[in-house]
Amino acid sequence: MEWVRRLFSRRRRYQDLSISIQEHLEEKADELMEQGMSREEAMQAARRAFGNVGLIEERSREEWIWPELEGLRADLKYALRQLWKHPAFSLTAILTLTLGIGANVVVFSVLNALIVRPLNVSDPQQLYNVEHKQHGWYTQSYPDYLDYRDRNRTFDGMRPTIRSVPHSPRVKRSPRTSAILLPATTSTCWAFSLCWVASFTRTMSMGRIRPLISS
Amino acid sequence: MAKNPEYRDLFAGALELMILHSLRVKPMHGYALVRHIQLVSDDLLHIEEGSLYPALQRLLRAGLLESEEGTSAKGRPTRIYRLTREGIKHLEHEKFGFETMFDGITRVLAVSKA
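Each protein sequence line maps, in turn, to chains A and B.
The working numbering puts the first sequence at residues 383 to 597.
The working numbering puts the second sequence at residues 3 to 116.
What follows is the structure in structure tokens.
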């Protein structure tokens with residue numbers, strides 16, 4: 383709450399300044415009136431002698447503002463000079479910060495993908511991607527996909543897709559496609575349209591679907 | 003700030019030194035301070051208000067002065083400035099520096115042509 387205290391303290395200072403200047407003008411005007419001027423003339427003359435009241439008040443108030451900015455500027459200059467004078471330390475600090483920030487970005491990205499914005503399906507853990515065990519390929523031939531689909535007794539459903547072009551209408555004509563096995567617990571999976579599958583595949587291409595190795 | 007007689011500016015720190023010394027003699031408000039310096043300098047020094055009030059704020063901010071509510075000779079509300087303990091120490095230090103400088107300048111100017 384230090385800044386609140388300082389804010390009010392500064393307001394009080396500004397008010398004190400205005401009161402001081404006002405009194406200054408009044409006292410000067412009193413002197414001039416003693417020399418025979420009218421009140422109005424004396425105040426005008428006092429203001430002329432004083433100068434631009436608003437400007438002087440502003441310059442006086444700046445004394446409370448600029449030193450903080452000046453201090454910040456001086457601190458920055460000093461810090462940069464020290465970094466320049468000690469390159470080994472600077473390099474270590476920069477590398478440490480880079481690694482630290484990088485690690486944080488990675489951890490946040492993973493948490494963001496898995497927890498903050500999970501897949502738009504009821505049970506993402508039950509999704510699998512079928513891959514070849516022998517070839518290590520991510521893709522399957524379309525006839526293989528048809529075999530898997532027809533003989534499937536484990537999963538609720540299966541959809542073909544192309545990873546790189548998930549929205550392509552050529553999905554079913556492609557000689558090599560990936561297959562997605564729909565989770566056993568997701569009964570609505572059968573109602574997926576091709577477009578839905580495509581968008582579904584796009585999330586898969588982000589690496590959220592566990593591989594299921596087929597032989 | 004020193005207008006009379008030749009509108010010559012004071013060197014840096016001189017105004018602050020005079021303000022501090024004057025307020026050590028007696029706490030005063032702004033206008034009284036201007037009049038005091040004018041009076042004791044036999045009208046040789048005229049303090050410009052445009053310099054006085056920023057200088058006062060600088061000294062307040064540095065903790066060398068403090069202000070309190072008071073009234074002027076005419077009974078109007080104003081703010082009275084007085085030296086803090088820190089201000090007294092600063093004044094002593096600055097006075098020593100100025101005296102040394104004046105001494106040096108005087109000696110240089112005192113050298114006559116060979």
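Cβ atoms here follow ideal geometry from the backbone N, Cα and C, with glycine treated the same way.
Opposing strand residues paired with residue i [DSSP bridges]
i      : result
B:E71  : B:R81
A:S420 : According to DSSP, which records beta bridges pairwise, A:S420 is partnered with nothing at all.
B:M30  : B:Y83
Closer than 8 Å to chain B by CB, residue i
i      : result
A:G433 : yes
A:D398 : yes
A:E416 : no
A:W466 : no
A:I438 : yes
A:S420 : no
A:D457 : no
A:I403 : yes
A:R463 : no
A:R393 : no
A:R441 : yes
A:E423 : no
Residue i classed as buried or exposed, judged by whether at least 16 other C-beta atoms fall within 10 angstroms
i      : result
A:G539 : buried
A:R395 : buried
B:S81  : For the record, residue 81 of chain B in the displayed sequence is Arg; it is not Ser. By the 10 Å Cβ count, B:R81 comes out buried.
A:I497 : exposed
A:F537 : buried
A:P525 : exposed
A:L462 : exposed
B:K76  : exposed
A:R533 : exposed
A:Q464 : exposed
A:R455 : exposed
B:Y33  : buried
A:Q397 : exposed
A:S491 : exposed
A:K410 : buried
A:E599 : What the structure shows of chain A is the stretch from 383 to 597, and residue 599 of chain A is not part of that stretch, so it cannot be assessed.
B:S69  : buried
B:L111 : exposed
B:E18  : buried
Helix, strand or coil at residue i [DSSP, three-state]
i      : result
A:G433 : coil
B:H23  : helix
B:H95  : helix
B:L46  : coil
B:S114 : coil
A:N534 : coil
B:G52  : helix
B:L66  : coil
B:G15  : coil
A:K459 : helix
A:K410 : helix
A:R394 : helix
A:L443 : Reading off the sequence shown, one finds Arg at residue 443 of chain A, where the question assumed Leu. A:R443 falls in the helix class under three-state DSSP.
B:R37  : helix
B:R60  : helix
B:K76  : coil
B:R109 : helix
Beta carbon proximity, residue i to chain A, threshold 8 Å
i      : result
B:Q59  : yes
B:T86  : no
B:G15  : no
B:T80  : yes
B:S74  : yes
B:G32  : yes
B:G65  : no
B:E18  : no
B:P56  : yes
B:E51  : yes
B:S43  : no
B:S24  : no
B:S114 : no
Rounded C-alpha distance that separates residue i from residue j
i      : j      : result
A:I483 : A:T474 : 14 Å
A:L407 : A:L458 : 42 Å
B:R84  : B:P29  : 5 Å
B:L47  : A:A431 : 15 Å
A:S472 : A:A495 : 34 Å
A:I476 : A:Y530 : 53 Å
A:E440 : B:L62  : 16 Å
A:L481 : A:H468 : 20 Å
A:R393 : A:Q404 : 17 Å
A:T568 : A:R499 : With a pLDDT of 33 at A:T568, under the threshold of 50, the predicted position of this residue should be treated as unreliable, and no value is reported.
A:G418 : A:A424 : 9 Å
B:S24  : B:Q40  : 11 Å
A:I401 : A:R443 : 13 Å
A:D412 : A:E422 : 11 Å
Per-residue contacts from residue i into chain E (C-beta, under 7 Å)
i      : result
A:E408 : No chain E appears in this structure, whose protein chains are A and B.
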